[in-house]
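Shown next, in structure tokens, is the structure this report addresses.
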């Protein structure tokens, strides 16, 4: 858009005069990071020309001094070498400025906690939620979903996922986007669809059951997924998209089931930590590289550890703050 058109459109937006189509146009324009500086420049210009109120600074200062000192400010004297009142005023303003800075920094640091409420799952169990606009979410164990505390906006439904969840997104009459934000710059954008998203320290994963998904990746990259697609990214950002023949490994957790397909024991230990918040250590690298296959139901960490002990003939030792897996010593 031309600079003059951008300015006119943004000023109408700040005045609350734009239509839904115009707001959508602005939103798409803002998706380009290079336009954000222009947006804030025009916002500053508009706010300067449209002050929300004109304060009486002298009156406000007199009222403030009355509250602080308990005296009529007209009777305070800063002449004749008595500078205590002036000194007190300077210190007071400095303290107020410091307090305001603390409040501002606190808001910036905890903005997400203030603007969003947390939906969580109980350790070792899944839990279901229905969001305000109808979307259904099933959270895996040890997972958190942040949703707007005061409801979704007019054109975008935005949530934050830490962990794993299945989404059945409701398609709204106004075609509002549903956005799932994950750590490290990953973002899922849909209108109405079903998918499973995984966002933990070891990487990201998205399995699309039906519908369409636009996946935003770090550094501005994007890709589109179709039903049956599986996106997997490791912690280094390396990713691939495939079409697995068997979807059970990505949805088995809904039945509190572990699906292992020639899985390394070290990876099994990571899954136990993610699911049950139990730290597993395997000092023996040969044991850590052993593999296991099968489908196993486990409601708690001990259930799965017992299965591993019997199937792989390994020793399980409870340490102070972790569990150690080892090969039994020969007599």
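Residue numbers (this note's numbering): 9 to 339.
Think of the CB as a built atom: it goes at the ideal place given N, C-alpha and C, for glycine as much as any other residue.
Quantities reported herein were computed from a predicted structural model and do not represent experimental measurements.
One question on the structure: do residue i and residue j come within less than 8 Å of each other, judged by their Cβ atoms?
i, j, result
"residue 292", "residue 335", "yes"
"residue 47", "residue 18", "yes"
"residue 190", "residue 207", "yes"
"residue 132", "residue 283", "yes"
"residue 210", "residue 278", "yes"
"residue 262", "residue 174", "yes"
"residue 201", "residue 221", "yes"
"residue 301", "residue 270", "yes"
"residue 126", "residue 154", "yes"
"residue 163", "residue 32", "yes"
"residue 231", "residue 238", "no"
"residue 171", "residue 140", "no"
With residue i as the anchor, note down where its alpha helix (DSSP H) starts and where it stops.
i, result
"residue 320", "309 to 320"
"residue 276", "273 to 284"
"residue 29", "28 to 38"
"residue 254", "Here residue 254 belongs to no alpha helix (DSSP H), and DSSP marks it neither H nor E."
"residue 22", "11 to 22"
Provide the residue(s) that pair with residue i in DSSP beta bridges, ordered along the chain.
i, result
"residue 136", "146"
"residue 340", "Summary: the structure shown does not reach residue 340, with the chain confined to residues 9 through 339, and so no result is reported for it."
"residue 302", "268"
"residue 221", "233"
"residue 332", "289, 325"
"residue 239", "214, 249"
"residue 128", "152"
"residue 342", "Because the chain spans 9 through 339 in this model, residue 342 falls outside it and cannot be assessed."
"residue 208", "211"
"residue 178", "DSSP output for residue 178 lists no bridge partner at all."
"residue 195", "189, 224"
"residue 165", "186"
Could you give the C-beta distance for residue i and residue j, rounded to a whole number, given that I count them as a contact under 8 Å?
i, j, result
"residue 330", "residue 288", "7 Å"
"residue 212", "residue 250", "Contact doesn't hold; Cβ gap of about 14 Å is too wide."
"residue 204", "residue 259", "6 Å"
"residue 267", "residue 303", "5 Å"
CB-CB under 6 Å to residue i, same chain, minus the five flanking residues each way: which ones, in chain order?
i, result
"residue 320", "none"
"residue 328", "none"
"residue 186", "165, 177, 198"
"residue 144", "138, 176"
"residue 235", "216, 218"
"residue 194", "212"
"residue 16", "none"
"residue 286", "280, 309"
"residue 168", "154, 189"
"residue 14", "none"
Ordered along the chain, which non-local residues of its own chain (more than five positions away) have a Cβ less than 8 Å from that of residue i?
i, result
"residue 298", "272, 273, 320"
"residue 147", "127, 128, 129, 134, 135, 136, 137, 153, 171, 172, 173"
"residue 95", "Low per-residue confidence applies at residue 95: pLDDT is 48, beneath 50, and the placement is therefore not dependable enough to give any value."
"residue 115", "In this prediction, residue 115 scores a pLDDT of 49, lower than 50, which makes its location untrustworthy; no coordinate-derived value is stated."
"residue 30", "17, 20, 21"
"residue 28", "162, 163, 182"
"residue 308", "132, 284"
"residue 34", "17, 18, 21, 26"
"residue 51", "18, 22"
"residue 223", "194, 195, 196, 197, 214, 230, 231, 232, 233, 239"
Mind checking which residues open and close the beta strand (DSSP E) that includes residue i?
i, result
"residue 248", "247 to 250"
"residue 201", "Where residue 201 is concerned, there is no enclosing beta strand (DSSP E), given that its DSSP letter is neither H nor E."
"residue 185", "185 to 189"
"residue 214", "211 to 218"
Please list, in chain order, all residues of the same chain as residue i whose beta carbon is under 7 Å from its beta carbon, the five residues on each side excluded.
i, result
"residue 324", "313, 317, 331, 333"
"residue 183", "199"
"residue 123", "156, 157"
"residue 248", "240"
"residue 180", "141"
"residue 38", "44, 47"
"residue 42", "none"
"residue 192", "226"
"residue 256", "267"
"residue 311", "none"
"residue 252", "238"
"residue 245", "226"
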